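Student: Position one of the sequence shown corresponds to residue 1 (the working numbering), numbered consecutively onward. Supplied in structure tokens, the structure appears directly below.
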Amino acid sequence: MKGRQLLRLSLQFMRVKAVPVALSAIDEERFGIRTARASAVTLETLPAVLHYCRDNRVVLLIARCLASELTAAQAMERHGFALMDTLVYYARDLTKGLVPTDAGAALVRPVRPGEEEAVKSVAAESFKGYFGHYHADPRLDPAKCDEAYTDWAYRSCVSREVADEVLVAVLDGVVAGFTTLRLDGRREGEILLFGVAPVVQRRAVSQSLGVGAMRWCSSKDAARLTVSTQITNVASQKVWTRLGFEPSHAHYTFHKWFDAS
Numbered sequence: 001m002k003g004r005q006l007l008r009l010s011l012q013f014m015r016v017k018a019v020p021v022a023l024s025a026i027d028e029e030r031f032g033i034r035t036a037r038a039s040a041v042t043l044e045t046l047p048a049v050l051h052y053c054r055d056n057r058v059v060l061l062i063a064r065c066l067a068s069e070l071t072a073a074q075a076m077e078r079h080g081f082a083l084m085d086t087l088v089y090y091a092r093d094l095t096k097g098l099v100p101t102d103a104g105a106a107l108v109r110p111v112r113p114g115e116e117e118a119v120k121s122v123a124a125e126s127f128k129g130y131f132g133h134y135h136a137d138p139r140l141d142p143a144k145c146d147e148a149y150t151d152w153a154y155r156s157c158v159s160r161e162v163a164d165e166v167l168v169a170v171l172d173g174v175v176a177g178f179t180t181l182r183l184d185g186r187r188e189g190e191i192l193l194f195g196v197a198p199v200v201q202r203r204a205v206s207q208s209l210g211v212g213a214m215r216w217c218s219s220k221d222a223a224r225l226t227v228s229t230q231i232t233n234v235a236s237q238k239v240w241t242r243l244g245f246e247p248s249h250a251h252y253t254f255h256k257w258f259d260a261s
């Protein structure tokens with residue numbers, strides 16, 4: 001009996017250790033509350049996620065699960081989680097077919113030292129009031145929510161821990177858009193953040209940045225490139241489909257406030 005109990009406890013410990021949940025220092029600093037993030041939550045890992053948060057006195061948990069994990073989403077709702085957004089992912093096989101030709105007027109190139117503030121300014125314009133999971137939560141300060149994207153853009157320019165590369169679109173001598181990129185060990189690239197100044201959004205800058213991202217990833221021997229956007233952002237999804245991207249999967253983003261439970 002004792003042996004079986006030890007085995008059960010050992011297996012439980014292994015499952016808890018495997019749960020991708022951790023405190024988020026950036027969110028805590030920005031919003032002034034103990035915050036944690038969890039990704040790829042399933043019905044099986046949800047109890048361990050909740051246990052971790054209670055042990056660490058978490059006030060706000062930002063958790064994501066695959067849209068296909070419907071039982072997990074339903075269980076999260078029963079535990080007081082609220083749905084904040086749905087991200088749809090698109091993917092492009094870079095080994096099949098040529099990268100599309102870019103006929104746009106913007107010059108796409110890596111960001112240069114000294115352009116960090118210009119990228120931050122574009123992020124501030126393009127993400128102001130952006131209805132992602134931060135802005136969807138009425139308990140979070142909208143101004144602080146805007147800062148989440150501008151700070152992310154700035155940090156991507158100055159730290160390779162945040163992004164492997166930042167590409168900018170220069171139009172009429174001015175930085176008019178940007179995209180941040182990351183590579184992983186499976187020859188896969190990901191577009192993390194993407195912003196275009198509102199005044200040039202009808203000048204094919206988004207398409208130029210998309211082509212630039214594909215070229216950069218191909219130059220790094222990546223075989224696949226993914227990008228995500230809000231399910232309601234139809235304009236961006238049209239850009240990706242025109243560039244040969246196809247729907248891949250979707251994630252739900254939930255928030256849980258432990259001081260309300």
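Quick reminder that beta carbons are idealized off the backbone N, C-alpha and C, glycines included. This structure is a prediction, so every number in the text was calculated from the model and none was measured.
For residue 176, which of helix, strand or coil comes out of DSSP?
Tutor: Three-state DSSP puts residue 176 in a strand.
Student: To the nearest angstrom, report how far apart residue 215 and residue 149 are at their CA atoms.
Tutor: Each residue's alpha carbon lies about 25 Å from the other.
Student: Return helix, strand or coil for residue 63, following the three-state DSSP convention.
Tutor: Three-state result, residue 63: strand.
Student: If you draw a straight line from the alpha carbon of residue 63 to that of residue 251, how long is it in whole angstroms?
Tutor: Approximately 10 Å between the Cα atoms of the pair.
Student: Buried or exposed for residue 68, please, with buried defined as at least 16 other CB atoms from any protein chain shown within 10 angstroms of its CB.
Tutor: Exposed, by the Cβ-count rule.
Student: By how many angstroms is the C-alpha of residue 109 removed from the C-alpha of residue 194?
Tutor: Taking the straight line joining both Cα atoms gives about 14 Å.
Student: If you follow the alpha helix (DSSP H) that residue 142 is in, where does it begin and where does it stop?
Tutor: Segment 142-158, the alpha helix (DSSP H) holding residue 142.
Student: Which of the three DSSP states is assigned to residue 222 in this structure?
Tutor: In this structure, residue 222 counts as coil in the three-state DSSP scheme.
Student: Nearest by alpha-carbon distance to residue 23: which of 33, 32 and 37 is it?
Tutor: Among 33, 32 and 37, the Cα nearest to that of residue 23 belongs to 37.
Student: Within 10 Å of its beta-carbon, does residue 98 have 16 or more other beta-carbons around it, so buried, or fewer, so exposed?
Tutor: It is exposed - the Cβ of residue 98 has fewer than 16 other Cβ atoms within 10 Å.
Student: Measure the alpha-carbon distance for residue 91 versus residue 100 and round it to whole angstroms.
Tutor: Their Cα atoms are separated by approximately 15 Å.
Student: Name the two residues that bound the continuous alpha helix (DSSP H) containing residue 188.
Tutor: Note, residue 188: premise wrong, no alpha helix (DSSP H); beta strand (DSSP E) at 188-196.
Student: Since residue 230 sits in a beta bridge, which residues does DSSP pair it with?
Tutor: BP columns for residue 230 point to 87.
Student: Beta-carbon separation of residue 188 and residue 223 under 8 Å?
Tutor: Taking 8 Å as the Cβ cut-off, residue 188 and residue 223 qualify as a contacting pair.
Student: With which residues is residue 246 paired in a DSSP beta bridge?
Tutor: Paired residues: 91.
Student: With H, G and I counted as helix, E and B as strand and the rest as coil, what does DSSP make of residue 258?
Tutor: In this structure, residue 258 counts as helix in the three-state DSSP scheme.
Student: Under three-state DSSP, which class holds residue 134?
Tutor: Of the three classes helix, strand and coil, the one that applies to residue 134 here is helix, per DSSP.
Student: For the alpha helix (DSSP H) containing residue 28, list its first residue and its last residue.
Tutor: That run of the alpha helix (DSSP H) goes 25-31.
Student: Who are the Cβ neighbours of residue 2 in its own chain at under 7 Å, not counting the five residues just before and after it?
Tutor: For residue 2, the predicted structure reports a pLDDT of 46, less than 50, and the residue's modelled location is therefore unreliable. The matter cannot be settled from this model.
Student: With DSSP run on the structure shown, which of helix, strand or coil describes residue 54?
Tutor: Here residue 54 sits in helix by DSSP.
Student: Are there 16 or more other CB atoms within 10 angstroms of the CB of residue 81, so buried, or fewer, so exposed?
Tutor: Classification of residue 81: buried, given that the 10 Å Cβ count is 16 or more.
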